[in-house]
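For the sequence shown, numbering that gives the first Met the number 0 gives the first residue as 0, with consecutive numbering after it. Report on the structure given below.
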Amino acid sequence: MVNIIKPIPGGDLGTWGTKNNTALDTLAGAVTETESDAADAQTAAGTAVTSAATAQAAATVAHSAATAASAVATAAASAATAATSAVNTHASAADPHPQYLTPARADLRYTRLAGIPQTGTPPEPLFVAAQGPTGVSFSLSYSPYGLRTDGATYYDPAGVPAADRAYPAVQSDGTVRLVKLGVGSASTGDVTPPTLSGFAASGITSVSASVTCTSSEPSTAVVQYGTTTSYGQQAAAIGSGTGFAVPITGLTASTLYHYRWRVADLAGNLTISADQTFTTSAAGAADATLANFTPTAIGTESVSMFAADLSSANHWVEADCVFGGAGNGVAVILRGNSSGTQGVRLAINQSGNWHIINGATELDTGTFSGAGTGGRIRGEITGTSVSFWWNGTLVATRDLGSAISALATNKRPGVGIYLDTATGASMSNIVANISAGSTPPPDNGGGGPGSGSPGAKAFALFGTTRSGLPWHSGAWVTSSMSTANADGFGAWRGAPLDFYSVYPGYNTWSEMNSSEWVERLTAGFAGRLNFGLPMLPKDRVGAWSDITSGTYDYVFTKLANDLKNANRASSLIRVGLEPNGNWFPWSVTWNTNTQFIAAFQRIVGLFRAVSPSFKFAYCWNIYTQPQGMPSGTSQQGQLDRFYPGDSYVDCIELDFYDFDNVVAQNDSQWAYAKNPLPGVGLDAITAYARAHGKGVWIGEWGCHSVTGPGDNAFFVRKVWEYFVSIADVLVGENYFNEPASYIANGIGFPTNQLPNAAIAYKNRFGRPDLYPTGTTP
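Okay, structure coming up:
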């Protein structure tokens with residue numbers, strides 16, 4: 000979910016409301032006083048029978064009181080007329096916020112503040128700002144009255160200090176930021192700029208670095224950098240706060256870089272730091288490459304070592320393979336040496352048999368499905384552990400311990416082919432390099448679940464799970480993408496994440512093209528990535544020709560290469576997620592289906608040209624109908640209209656939350672949430688996946704505390720039960736765990752906002768030993 004709504008407070012309800020109420024109070028007092036005086040006059044008249052002098056005096060007093068009451072009543076009427084005039088004037092077209100101050104609006108606001116139930120009346124309308132291709136557009140939505148400086152909302156400014164109140168300001172680049180009013184009033188304001196400290200550069204490589212600093216107060220930050228003190232380039236921190244870490248990429252090896260911070264507090268006061276420097280490291284070794292390799296004779300295995308040792312005994316080797324016959328096989332060699340010692344061989348044949356061999360000793364063997372007539376093999380060794388993949392799917396990981404201790408100094412990779420038939424096998428596009436990653440995900444190897452069994456489709460696409468569940472279970476863990484957050488969430492729930500949800504930047508094409516920080520931030524995560532791939536940047540809404548013309552092919556090729564180079568080619572790519580909504584720049588209409596399909600197919604082709612191991616999801620959002628959809632269109636008709644085709648899709652995806660008109664707090668609501676006609680829900684997505692022979696992918700799901708009930712353990716339990724019921728076709732799911740105020744559905748780690756939902760989740764998704772019921776026997 001992306002929070003694109005920024006409410007803007009409007010006129011001063013307090014001023015006119017106070018005057019209006021004061022006038023009403025004055026009028027009521029005058030009436031009461033007149034009634035009291037009239038009673039006194041009647042008593043005085045009775046007394047006059049026995050004392051004319053006293054009666055005369057009482058009459059005089061009564062007359063004076065009546066005159067005073069009349070004057071008060073006239074003044075009250077005048078004040079009420081003035082209040083009404085002020086309201087009408089403020090509600091005129093010339094006023095910048097006419098929707099706020101009308102008698103109806105006043106009644107609504109004050110009945111709310113008084114705690115009077117409202118029925119059939121929507122909440123107060125406020126301006127909403129949304130960034131578009133030409134700047135910021137404003138429209139009316141329904142939201143609370145005002146904003147605090149931290150983005151929290153309030154209905155009544157009473158009791159909210161001016162220093163804690165803020166207003167949204169549109170910046171020159173079209174973004175909206177909060178500006179605090181300051182102490183005392185908006186006129187006095189905050190004029191003190193922030194103080195900066197803690198300057199540092201870390202994670203320095205030959206092409207990137209991360210720079211940090213600390214501000215004395217909540218601020219926004221930009222880093223200017225370059226090879227001179229003229230700088231020339233800049234990168235912005237995401238959001239506001241007091242601590243900033245900004246990744247800088249696309250640098251040159253062995254080069255001195257200058258940088259400085261431009262930090263502005265929420266009142267706009269700017270501090271520019273002194274010049275800072277860092278030097279990039281020397282360039283790492285390029286991949287070692289080998290020409291195409293073919294065998295010499297039937298019944299023999301030919302091994303070709305690379306020309307030189309690599310710099311580390313921890314290394315990997317990859318190659319494209321063609322078997323050319325049912326009995327033929329291929330192998331990658333790890334820990335070889337210059338004398339031709341083969342070290343550890345990872346061999347596989349067309350029948351799906353695999354072997355791990357150390358010298359002449361077979362250490363392990365097994366079978367797997369999906370070998371086909373060829374594909375890409377990858378073998379990697381880290382310490383004493385070896386792993387190998389076929390077409391991006393992990394086949395086996397083994398810790399060989401002392402079995403390879405004698406090969407500790409061997410640093411040369413190789414490849415090999417063995418033939419049982421005359422038709423020749425071959426290997427091409429052979430590359431090797433040192434391994435910088437940690438040990439890959441463990442896997443039990445061997446065959447997977449049979450067709451129709453729980454986990455069958457999940458295993459076929461991505462192998463055995465880390466979590467221990469039949470499907471691959473993952474999460475998004477706050478807006479701070481990091482290995483620590485991914486691992487922390489897994490540790491909290493009790494089962495490691497299979498997939499970690501990530502999203503590149505997409506404000507512009509340039510920002511999309513510079514998103515290698517995603518791989519850097521998740522470098523230590525031992526699972527796979529659930530990669531939300533934008534089709535268009537925010538400043539190119541609906542510009543399908545940007546993609547279909549090939550103008551920006553280089554961006555998608557770069558994103559694919561970034562993933563491949565980080566050993567992430569087995570990621571699930573969510574191409575143009577949720578296109579049926581209207582909140583992304585690649586949102587579709589009923590008549591832009593051909594553009595969407597052409598763009599989807601082109602992007603998939605670009606990724607596959609980099610690696611055939613990527614998997615792709617066709618992602619739909621629950622209930623939402625495409626803009627302009629004809630009335631009466633079936634669920635299948637909606638999905639068919641934009642479907643890119645079976646050859647471009649591996650999973651059919653649905654993103655869904657417990658919110659809006661698909662809230663599920665009881666069985667009746669859950670039944671509708673699964674099948675929210677005329678929209679698409681879980682049942683329609685599952686049926687569509689089965690009809691096309693694809694897996695089901697739930698890229699985002701979760702509770703919702705803003706437009707949903709929030710802490711809803713019932714919803715979590717029902718989601719689990721549904722996942723269990725489709726476990727044969729369910730490939731993966733990712734809970735969207737975000738404590739930010741626009742959704743506030745954090746469970747367990749790092750923020751537990753929904754304790755009941757958290758317990759329900761942990762006792763199921765963190766306890767594979769309790770599958771399928773989620774409860775102890």
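No residue lacks a Cβ here, since even glycine has one placed at the ideal position from N, Cα and C. Keep in mind it's a predicted model, so treat the numbers as computed, not measured.
Within the same chain, Cβ atoms closer than 6 Å to the Cβ of Leu468 are found at Pro767, the five residues on either side in sequence being excluded. Check the Cα spacing between Gln341 and each of Asn348, Gln349 and Ile332: the tightest is with Ile332. Under the DSSP assignment, Trp669 falls in the alpha helix (DSSP H) whose first and last residues are Asp666 to Lys673. Leaving aside the five residues that flank Ile684 on each side, the residues in its chain whose CB is nearer than 7 Å to its CB run, in chain order, Trp619, Ile651, Leu653 and Val695. Note on Thr228: under 16 other CB atoms within 10 angstroms of its CB, so exposed under the neighbour-count rule.
Per DSSP, Gln600 lies in no beta strand (DSSP E); the unbroken alpha helix (DSSP H) holding it starts and ends at Asn592 to Val609.
Going by DSSP, Leu681 is part of the alpha helix (DSSP H) stretching over Leu681 to His691.
Of the candidates Thr588, Gly636, Asn564 and Tyr642, the residue whose Cα lies closest to the Cα of Phe599 is Tyr642.
Under DSSP, no beta-bridge partner is assigned to Ser513. Here the alpha carbon of Val715 sits roughly 28 Å from the alpha carbon of Val648.
A direct Cα-Cα distance of roughly 14 Å separates Lys761 from Lys717. Using a Cβ distance threshold of 9 Å, Gly423 and Ala330 do not count as a contacting pair. Between the alpha carbons of Gly707 and Thr194 lies a gap of roughly 40 Å.
Secondary structure note for Trp719: its alpha helix (DSSP H) is the uninterrupted segment Ala712 to Ser724.
In this structure, Thr381 is the residue among Asn744, Thr381, Ala688 and Ile429 with its C-alpha nearest to the C-alpha of Ala407. With contacts defined by Cβ atoms closer than 9 Å, Tyr734 and Ile742 do not form a contacting pair. The criterion of a C-beta distance shorter than 9 Å is not satisfied by Gly678 and Thr588.
Contiguous beta strand (DSSP E) elements confined to the stretch 232-295 occur at 232-235, 240-247, 255-264, 269-271, 275-278 and 287-289, taking only those with 3 or more residues.
In this model, Ser272 and Arg375 are separated by some 50 Å (Cα to Cα). Cβ contact annotation for Thr211 (same chain, cutoff 6 Å, sequence separation greater than five): Ala199 and Ala244, in chain order.
According to the DSSP assignment, Ala565 belongs to no alpha helix (DSSP H), since it is labelled neither H nor E. If you check the CB distance, Tyr256 and Thr278 come in under 9 Å. Take the alpha-carbon of Gly731 and the one of Lys456: they are about 10 Å apart. For the options Ser704, Leu520 and Asn529, the alpha carbon positioned closest to that of Tyr499 is the one of Asn529. Straight through space, the alpha carbons of Phe524 and Ile355 are spaced by roughly 25 Å.
In this structure Ala568 is in contact with Ser610, their Cβ atoms being roughly 4 Å apart against a cut-off of 8 Å. Distance from the CA of Val316 to the CA of Glu379, rounded to the nearest whole angstrom, comes to 7 Å. In the three-state DSSP reduction, Leu576 falls in the coil class, being neither helix nor strand. Inclusion of Ile546 and Ala608 in the CB contact set at 9 Å is not warranted, their separation being larger than that value.
The criterion of a C-beta distance shorter than 9 Å is not satisfied by Pro412 and Asp727. Of the candidates Ala208, Gly242 and Asp274, Ala208 places its Cα closest to the Cα of Thr251.
In the DSSP assignment, Lys614 falls within the beta strand (DSSP E) that extends over Lys614 to Asn620. Straight-line spacing of the CA atoms in Leu753 and Tyr656 works out to 14 Å.
Looking at Asn268, Glu577 and Ser201, the one whose alpha-carbon comes closest to that of Ile697 is Glu577. In the DSSP assignment, Thr396 forms a beta bridge with Ser386. Relative to the Cα of Val554, the nearest Cα in the group Met511, Gly231 and Gly531 belongs to Met511.
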